[in-house]
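Following: one structure in structure tokens, then a few remarks.
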Amino acid sequence: MPELPEVEVVRRGLDRHVVGRTISAVRVHHPRAVRRHEAGAADLTARLLDSRITGTGRRGKYLWLTVDDGEALVVHLGMSGQMLLGPIQKSEHLRIATLLDDGTAMSFVDQRTFGGWMLTDLVTVDGTEVPAPVAHIARDPLDPRFDRAAVVKVLRGKHSEIKRQLLDQTVVSGIGNIYADESLWRAKVNGARIAETLTKPTLTSILDHATDVMTDALGQGGTSFDSLYVNVNGESGYFDRSLDAYGREGEPCRRCGAVMRRDKFMNRSSFFCPRCQPKPRQPRPRAV
DNA sequence: AGTCACACCTGTCCGC
DNA sequence: TGCGGACAGGTGTGAC
Numbered sequence: 001m002p003e004l005p006e007v008e009v010v011r012r013g014l015d016r017h018v019v020g021r022t023i024s025a026v027r028v029h030h031p032r033a034v035r036r037h038e039a040g041a042a043d044l045t046a047r048l049l050d051s052r053i054t055g056t057g058r059r060g061k062y063l064w065l066t067v068d069d070g071e072a073l074v075v076h077l078g079m080s081g082q083m084l085l086g087p088i089q090k091s092e093h094l095r096i097a098t099l100l101d102d103g104t105a106m107s108f109v110d111q112r113t114f115g116g117w118m119l120t121d122l123v124t125v126d127g128t129e130v131p132a133p134v135a136h137i138a139r140d141p142l143d144p145r146f147d148r149a150a151v152v153k154v155l156r157g158k159h160s161e162i163k164r165q166l167l168d169q170t171v172v173s174g175i176g177n178i179y180a181d182e183s184l185w186r187a188k189v190n191g192a193r194i195a196e197t198l199t200k201p202t203l204t205s206i207l208d209h210a211t212d213v214m215t216d217a218l219g220q221g222g223t224s225f226d227s228l229y230v231n232v233n234g235e236s237g238y239f240d241r242s243l244d245a246y247g248r249e250g251e252p253c254r255r256c257g258a259v260m261r262r263d264k265f266m267n268r269s270s271f272f273c274p275r276c277q278p279k280p281r282q283p284r285p286r287a288v
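In full-length UniProt numbering, the protein residues as written are 1 to 288.
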């Protein structure tokens, strides 16, 4: 799915085009898209109608629009969600359609239906207002109040693989499978290494590389392998051309030339250079 | 606390 | 061609 850079591209597009607008029509085409809005589709529709959009926000992979009654319309893109502005979408994957008072349609299109909308209250967590469903999500590396040292400290106490921790949105948010692999490649660390065995400088470097790679990706409009991941105008990003690890199985490492490998990890693929990022020694199986 | 399996979906690609 | 299986960028839950 869209990871932090792709979600931020979408947030910026929404911020530029919909803040100040009023929602003049709402139609939920598929109930699954509002399954996390517990009061149901009719409630969401009724409450959204005539709401004025006052701002946008994002934490990790969650984004939201604040509305004038002090609530937030939380959007998660899941694996394939899109927020599109322009004419009414005719896609068979159209899940929610809204109309704004300037005549623009704001549509939620989602092929795999893992994404969705919900309208919720804002709560204050650690001095920052976020929608209630986002309260458990840690700050992301692009958050001005991201506390790198605090995250390193958390990681130093984790007897668990570093990649697993990078993907844990309650430890640090915004990082998904692609940028985890890219960050670990840049830091020359194998994702199977146990977090608590890594030094403070190494952990710091991994987080710094995560920040850098996501900033770079943002500058190129995000990563798109196909038409599923697009900005509010339906355009793809270009960062896929800059990936050094993800998807490069069998190709030479851009740093040392060794053949890049792919391993199964947490039921998903991990791409790494076997020379730059050697695997940790496995505990020897006990003799029978 | 951490891990694992699984659930939720649709679509594409690959081998047979 | 068709079929089955593997795989795809995410999150949440419940069992151990």
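We put the beta carbon where it would ideally sit given N, CA and C, even for glycine.
Under DSSP, Arg59 forms a beta bridge with Tyr62. Between Leu84 and Gly237 a beta carbon distance of about 15 Å is seen, past the 8 Å cut, so the two are scored as non-contacting. Boundaries of the alpha helix (DSSP H) around Leu4: Leu4 to Val18.
Boundaries of the beta strand (DSSP E) around Ile96: Leu94 to Leu100. Here Val9 has Leu218, Gly221, Gly222, Asn231 and Gly237 as same chain residues with Cβ atoms under 8 Å from its own Cβ, once five neighbours each way along the sequence are excluded. In this structure, the beta-carbon distance from Arg12 to Val134 does not fall below 8 Å. Note on Glu129: under 16 other CB atoms within 10 angstroms of its CB, so exposed under the neighbour-count rule. Here Ile162 carries a helix assignment [DSSP, helix/strand/coil]. The shortest CA-to-CA distance from Thr66 to any of Thr202, Arg241 and Asp15 is the one to Asp15. Judged by beta-carbon spacing, Ser24 lies beyond the 8 Å limit of Leu119, meaning their Cβ atoms are not closer than that value. Assignment of beta-bridge partners to His76 by DSSP yields Tyr62 and Gly116.
The Cβ atoms of Val213 and Arg255 do not sit closer than 8 Å to each other. In this structure, Leu44 places its C-beta atom within 8 Å of the C-beta atom of Val34. Every unbroken stretch of the alpha helix (DSSP H) spanning 4 or more residues and falling wholly within the region 138-184 is given here in chain order: 148-156 and 162-167. CA-CA distance, Pro278 to Asp126, rounds to 38 Å. Rounded to the nearest angstrom, the gap between the Cα atoms of Cys273 and Gly250 is 10 Å.
Cβ contact annotation for Glu6 (same chain, cutoff 6 Å, sequence separation greater than five): Gly222 and Tyr229, in chain order. Burial state of Thr199 is exposed, judged by a 10 Å Cβ sphere holding fewer than 16 other Cβ atoms.
Membership of Gly219 in any beta strand (DSSP E) is not indicated; the residue belongs instead to the alpha helix (DSSP H) covering Lys200 to Gly219.
By the neighbour-count criterion, in which a residue is buried when 16 or more other Cβ atoms sit within 10 angstroms of its Cβ, Asn267 is exposed.
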